[in-house]
Amino acid sequence: MSFKEITRILDEIGTKLVVLLCHHNADPDAVCSAYAFANLLKQLRPNFEVEIGVAQGVSRLSKHLLKFLPIEVKTQPSIEKADVMVLLDTNTIQQLDNLTEKVKNSKAPIIVVDHHATHPETEQIARLCITNEESSSTCEIVYNFYKEMGVKPNENEAKALFLGIAFDTRHFVLANSSTLKTVAELIDVSVNAQETLSMLSLPMDFSERVARLKACRRARIFKVGDWIIAFSHVSAFQASAARAIVDLGAHVGVVAGQKNDKIEISLRCAREFYEKTGIHLGKDIAKPLGEYLHGMGGGHATAAGVNGTGEIKTGLKRCLRLLKEKLVNQ
């Protein structure tokens, strides 16, 4: 599957407005891949209007990056007027949060570009899914679109692609050989690696520090076989808290948060846990947990998230059961 398939669909229906959509609290990979995709599309189809929409705004780090890159995002994109919608780094429309119903009600074709496993519901509603789990990030997939079309990214586009890849690979710790080749090519374009990487260094604010400490204090620890699994809950910064718990020594960290009847759960695990058990947090744990909580779940092998309804205790209990079942059945 290629970028040419995307342009074929766009040309078929006489497209005027393309709306690119990123998941709620959009991270640097989502925002930067949307920016690079939009610029590539506008260069090849200058008559198209392209908007970038982000559900519930961007993450704190992404907001910081917007100071350095000319990326315009809209929290209320023109979904009703869109001729085509492209979901980037977003494998289910449930991740669009407050924009979900508008997307469901739209008759515009949906195209998905993502490096996560395709969700069955997404496959049913999408006109085209371009996904590659071997890619480190959605930015890496978009960079390959540039190469396919023989377009050299300019300085800002290269910088955005570099930042998205760096973010999703944890500063290249999770990068494979093809990713490193991509990074080298972006550096050759014009990216100053040291200077650009420094943009991803955001001081942790007071609230996040407190959330991490509270999560560690509240953690309930279980030993399943040779693995340490820790569960906790905080009202915000669940993903950061889950990472902190793993950094402290747990093999798996699961942190939940609740607002009214809505529940959010972030899951993180050490690379060693995934490599030795083969348990993919996104597909094996988050997806069934999201369905159990009447919501959606998904993500990477070592980092995943769930949105649903219910009680924290119920969600964490089910999560532990899913992990135990997978570990016992190895």
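Counting in our numbering, the sequence shown runs from 4 upward without gaps. C-beta: ideal position from N, C-alpha, C; glycine also.
Between the options, which lies nearest to residue i when the distance is taken from Cα to Cα?
i      : options                        : result
Gly60  : Asp30, Glu104, Leu216          : Asp30
Gly256 : Asn263, Ile248, Lys262         : Ile248
His118 : Ile9, Asn310, Gly301, Ser201   : Gly301
Arg220 : Asp208, Ser210, Ala233         : Ala233
Phe276 : Lys265, Ala289, Tyr295, Ala253 : Ala253
Ile82  : Asp100, Lys70, Ala111, Pro73   : Ala111
Ser204 : Glu278, Ile144, Leu68          : Leu68
Leu102 : Ile133, Tyr146, Leu164, His27  : His27
Lys107 : Val115, Ile114, Ile96          : Ile96
Leu3   : Met202, Gly167, Gly293, Leu296 : Given a span of 4 to 333 for the chain in the structure shown, any question on residue 3 remains unanswerable.
Quick one: grab the DSSP three-state call for residue i.
i      : result
Gly308 : strand
His174 : coil
Met299 : strand
Lys84  : helix
Asp287 : helix
Thr134 : strand
Glu158 : helix
Glu52  : strand
Please list, in chain order, all residues of the same chain as residue i whose beta carbon is under 8 angstroms from its beta carbon, the five residues on each side excluded.
i      : result
Ala330 : Here residue 330 is Leu; the residue named in the question, Ala, does not match the sequence. Within the same chain, Leu330 has close Cβ partners Val227, Gly228, Trp230, Thr280, Ile282.
Residue i to residue j, Cα distance in whole Å?
i      : j      : result
Glu8   : Val89  : 13 angstroms
Lys150 : Lys162 : 16 angstroms
Val21  : Gln127 : 21 angstroms
Asn50  : Thr18  : 9 angstroms
Gly153 : Tyr38  : 18 angstroms
Ala242 : Leu47  : 38 angstroms
Ile12  : Val213 : 48 angstroms
Lys2   : Leu270 : Absent from the structure is residue 2, since the part of the chain shown begins at 4 and ends at 333.
Ser109 : Gln197 : 43 angstroms
Phe175 : Met207 : 21 angstroms
Near residue i, which residues of its chain fall below 6 angstroms by C-beta distance, leaving aside the five closest residues on each side in sequence?
i      : result
Gly56  : Val22, Leu24, Lys77, Pro80
Asn42  : Glu160
Glu158 : Ser193
Ignore the nearest five residues each way along the sequence and tell me which others in residue i's own chain have a CB closer than 7 angstroms to its CB.
i     : result
Ser65 : Ala29, Asp30, Pro31, Val34
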